[in-house]
Each structure stands twice: as C-alpha cells, then as structure tokens.
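In order, the protein sequence lines correspond to chains P and W. Numbering follows UniProt numbering, with no gaps: position 84 of the first sequence is 84. Numbering follows UniProt numbering, with no gaps: position 83 of the second sequence is 83. To start, the structure itself, in structure tokens.
Protein chains: 2
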Amino acid sequence: MTHPRPPQPRLRADARRNVEGIRQAALDVFRTSGLTTPLDEVAKAAGVSKGTIYHRFGSRRALIDAVVDDLVAERLRDIIEAVEALDDPLARFEDYLLRMWLLQYDEPAANDVLTRVLPDSVQLTTLCDKANRFGRRLLEEAQAAGAIRPDLTPADLTYLILERGAALRACAGQSRADYARRLDFLLHGLRSWPRPA
Amino acid sequence: MTHPRPPQPRLRADARRNVEGIRQAALDVFRTSGLTTPLDEVAKAAGVSKGTIYHRFGSRRALIDAVVDDLVAERLRDIIEAVEALDDPLARFEDYLLRMWLLQYDEPAANDVLTRVLPDSVQLTTLCDKANRFGRRLLEEAQAAGAIRPDLTPADLTYLILERGAALRACAGQSRADYARRLDFLLHGLRSWPRPA
DNA sequence: AGATTACTTGACTCCATAGTCAAGAAATGT
DNA sequence: ACATTTCTTGACTATGGAGTCAAGTAATCT
C-alpha cells in the first residue's frame with residue numbers, strides 16, 4: 001500500500017534497478033512456471049526480498065499486470081496475424097483454435113491468462129476479450145461457409161479454450177505430439193458433418 | 001495412528017454409533033462436494049470432533065476408502081451393465097463414454113475418483129482400472145467394426161476421462177444440457193470418418 | 001562529510017487445512 | 001456404585017502461501 005508508482009517523478013537508482021530486475025525475474029519465472037508461482041520465487045530470482053516486490057508493485061496482481069503484456073500479447077498478435085493470412089474459412093477457424101491450443105501447451109502463463117486462473121485485472125480481461133472476439137468472427141464465417149457445425153455457439157468456443165487449459169494443468173506429462181494428435185480429434189468433432197479431410 | 005479397526009473385536013456403543021454416523025456424514029458431504037472437502041465439514045455433519053474421525057479411521061485416505069465403494073462402485077456397475085445390454089459396437093462405445101462423462105457431471109465424488117484427485121489407495125485404483133479395462137475392450141471392438149477412428153489409442157481413452165474431470169472442475173457453472181451438447185462434439189470427433197449420425 | 005529522504009529487509013500476522021495428543025467424559029464389568 | 005477401560009475432545013503443531021511494517025541501509029543533496 002505504499003506507492004504504486006504513478007506519483008513519484010523519479011525513483012532512486014537502486015529502486016529503478018530493482019523494478020527492472022523484478023520485471024525480468026517475473027517474466028522468467030512466470031514464463032516457465034505459470035502465473036500462480038509464489039512471489040517468493042520471483043523475489044529469489046530477482047535477488048530481492050518479497051517486501052520489495054510489494055513496495056514497488058503494490059500487489060501480486062499489479063506485478064502480473066506489469067508483465068502480462070510482454071508475456072502473452074505478442075503471442076496473441078502473432079496468432080491473429082498468421083490466421084488472417086489464410087483464405088479458406090474452415091482453415092482459418094481450425095488454424096486459430098489449433099494455434100491457441102498449442103500456445104496453451106507451450107506457455108503455461110498464456111494458459112493462465114486465457115483461462116483466468118487469477119485475480120481479474122483490466123489488462124488480462126482486455127486480452128482475453130480480444131482473442132474471444134476474433135475467434136467468434138472466425139466461427140461465424142466458417143459456419144456461414146457451411147464448414148463448421150451450425151450448433152456450435154460462441155460460448156462453446158470459449159469453453160473449448162477454457163477446458164483445454166484445465167485439461168493441460170491436470171494432465172501435465174503428455175508429449176507435444178500426443179497433445180497435438182488429440183487436438184485433431186477435437187477439431188474433427190466440430191466440422192460440419194460429411195466432409196473429407 | 002491408533003486402531004484402524006481390525007484388531008478390536010467389539011467397539012464401545014458410542015464408538016459404534018460414531019463410526020456409522022461419520023460414514024453417513026462422509027457419504028453425504030463427499031457426494032455433494034467431492035472428495036477434497038475438508039474433514040472438518042464431515043466432522044460437523046457427523047456432530048463429532050475431527051479427532052474422532054482420525055481415531056476411528058486413522059487417516060483421511062482410510063475414511064475415503066471406507067465410503068468410496070458406496071459412493072462410486074455401484075454407479076460404475078450400473079454403467080457397465082447398461083452398456084453390456086447394447087448390441088452395436090459403436091453404440092456400446094459411445095454410450096459408455098457418454099455415461100462416464102455424465103457420471104462425472106452428476107457426482108463430483110465419482111469424478112474425483114476417476115481422475116485420481118487424491119491419495120492413491122488400493123480401493124480406488126481397483127475401481128479405476130476396472131472401468132478402464134472395460135472401456136478399452138469396447139474401444140477395440142468398435143475399432144474392429146470400423147466405427148471408431150483407428151488412431152484412437154487406449155491411452156487417449158484414459159485422457160478423455162481425465163480431461164473431462166479437470167474441465168468439469170474448472171468450468172463449474174454449465175447446465176447439464178449444455179454439457180451434454182458439448183459431449184456430442186467430442187463423440188463426433190472420435191468416429192471413423194464419413195458416417196451418418 | 002553529514003543530513004535527509006527513499007528504499008529494502010526479514011520477521012511478523014493471517015488464513016486454511018492436515019494431522020496429533022493430553023486431559024476429561026462416558027460406557028462397561030462386577 | 002464404583003473402578004476400569006475405552007472413547008472423545010478441542011486446543012495444539014505443522015505447512016505453505018499472501019501480504020505488512022518497524023527498523024536498518026543506502027542513495028542523494030548541499
């Protein structure tokens with residue numbers, strides 16, 4: 001509850017160093033272990049005490065907000081960009097889902113964001129909404145083209161992502177290849193009915 | 001670490017009453033809230049102190065073992081029986097999966113058992129293995145009949161159950177109807193390729 | 001260099017849950 | 001009805017993580 005950083009015109013040198021160090025440490029630690037990692041580990045990685053994190057950032061949530069963009073936003077942008085480059089509505093929709101699901105596998109932190117395993121924050125909500133809206137558009141288009149089952153709803157799409165996150169957290173050990181193979185089953189189930197691969 | 005009950009020839013009257021009361025309370029509490037509910041709640045429901053539970057049963061795991069059969073075994077037997085009554089291999093396989101998935105929705109405790117969210121115990125392991133073996137048999141038969149994708153492995157089948165458990169725990173609010181509708185997507189994805197409903 | 005102010009620290013509180021145990025309560029045997 | 005034995009209790013310890021704060025340390029200003 002000290003200074004969440006807006007009023008101070010300039011931090012002292014050591015404080016500036018620490019803010020940066022903590023950000024980097026948080027990036028590292030969260031990237032590899034997800035957003036639920038205890039702050040003590042971030043502190044240790046930054047060579048700083050837990051108290052310092054709280055003084056510099058104010059709360060766990062604020063620290064997450066400070067790194068979530070670097071952690072996830074770019075990945076989402078990449079996905080959107082890659083998908084936009086495709087033409088076929090079915091390919092666009094399936095590629096989108098597949099890339100999201102693989103992102104969830106590859107980056108525990110991204111998974112935590114997409115599945116909201118954490119105190120809500122404006123940043124996070126904005127990110128999720130953005131991805132959601134994009135996905136819904138793709139869904140509509142694929143359905144309009146008759147490629148995806150018409151009874152698949154936008155809410156179902158959200159669930160497909162949420163569930164994957166929970167599934168991943170629960171079944172940790174699976175290889176990426178197995179994981180991807182299983183995703184294929186899921187995609188098949190969403191296609192409009194008789195249609196060659 | 002007192003007496004896990006085998007040596008004593010006969011408990012005192014109040015102890016016998018309590019054992020039964022605790023079992024009933026555990027059944028109730030676990031049934032509605034899953035096997036991860038704190039033992040204090042079972043104690044409260046039984047009108048007994050937590051210490052008594054430990055004295056009578058020895059550990060959390062032992063208490064679970066003492067009720068898991070009543071909690072789950074019969075449901076599994078029902079499923080197996082209902083499925084055995086069917087003829088078509090595809091119908092058998094899909095009915096089995098669907099019933100398992102709905103059991104997971106209907107009974108949090110059964111879900112906890114099937115997904116092993118708890119200290120391993122012989123009882124539990126036995127139950128899971130039994131269901132697993134049955135499912136694998138159905139899978140083989142459905143694949144032999146050409147009704148289910150040949151690249152679906154027994155391990156995949158296990159994952160389908162495990163994942164559903166995690167998904168359920170994570171996405172609590174969904175209605176049974178929505179849940180069932182989504183299961184249909186999953187089933188579709190497992191079918192051998194061009195085949196009418 | 002000394003005074004001032006900003007910053008850091010780690011020991012502390014708080015919460016929730018598993019599991020334990022000495023002391024008191026209650027059933028049983030005679 | 002009392003001695004004996006069994007049982008119950010609730011306060012206690014332990015664990016692990018979030019968040020706080022008084023006291024000590026170090027940058028900065030003059």
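Glycine residues also receive a C-beta, built at the ideal position from the N, C-alpha and C atoms.
Residue i burial status per 10 Å Cβ neighbour count (16 or more: buried)
i	result
W/G146	exposed
W/R164	buried
P/R191	buried
P/W101	buried
P/V19	buried
P/G189	buried
P/V48	buried
P/A144	exposed
W/E81	exposed
P/A13	exposed
W/A85	exposed
Spatial neighbours of residue i in its chain, beta-carbon cut-off 8 Å, leaving aside the 5 residues before and after
i	result
P/L138	V83, P89, R92, F93 and Y96
W/K130	L76
P/V113	L35, V68, L71, V72, L124, L127 and C128
P/P196	For P/P196, the pLDDT reaches just 47, beneath the cut-off of 50, and the residue's location in the model is therefore unreliable, although a value from the coordinates is still provided. Hits under 8 Å: none found.
W/T37	V29 and F30
P/G51	none
W/E74	none
P/L152	L139, Q143 and L190
Residue-level contact to chain P via CB, residue i, 8 Å cutoff
i	result
W/G189	yes
W/R136	no
W/A177	no
W/L162	yes
W/Y159	yes
Same chain, Cβ closer than 7 Å to residue i, five either side skipped, listed in chain order
i	result
P/A109	F30, R31, G34, L35, L71 and V72
P/D28	A45
W/Y105	L168, R176 and Y179
P/L63	A26, I53 and F57
Min CB distance residue i to chain W below 8 Å
i	result
residue 219 of chain P	Only positions 1 to 197 of chain P appear in the structure, and residue 219 of chain P is not among them; the question remains open.
P/N185	Here residue 185 of chain P is Phe; the residue named in the question, Asn, does not match the sequence. At least one chain W Cβ lies under 8 Å of P/F185.
P/A170	yes
P/A166	yes
P/D156	yes
P/R182	yes
P/W101	no
P/P7	For P/P7, the predicted model reports a pLDDT of 47, less than 50, meaning its position is unreliable; a value from the coordinates is still stated below. No, P/P7 does not count as interfacial toward chain W.
Distance between beta carbons of residue j and residue i, contact taken as under 8 Å
i	j	result
P/L162	P/R136	About 15 Å; that fails the 8 Å criterion.
P/A166	W/A172	With a Cβ gap of about 11 Å, P/A166 and W/A172 do not count as contacting.
P/R60	P/L39	6 Å
W/Y159	P/R182	6 Å
W/L187	W/L98	7 Å
W/R133	W/A66	Not quite, the Cβ-Cβ distance comes to about 25 Å (not below 8 Å), so this is no contact.
P/A142	P/I148	4 Å
Own chain partners of residue i with C-beta closer than 6 Å, once the 5 adjacent residues on each side are dropped
i	result
W/V42	A25, A26 and V29
P/S121	R61 and D65
W/T115	L162 and G165
W/I79	R99
W/L103	R75 and A110
The ligand COA heavy atom lying under 7 Å from the CB of residue i
i	result
P/P150	Here there are no bound small molecules, and the ligand COA is not part of this structure.
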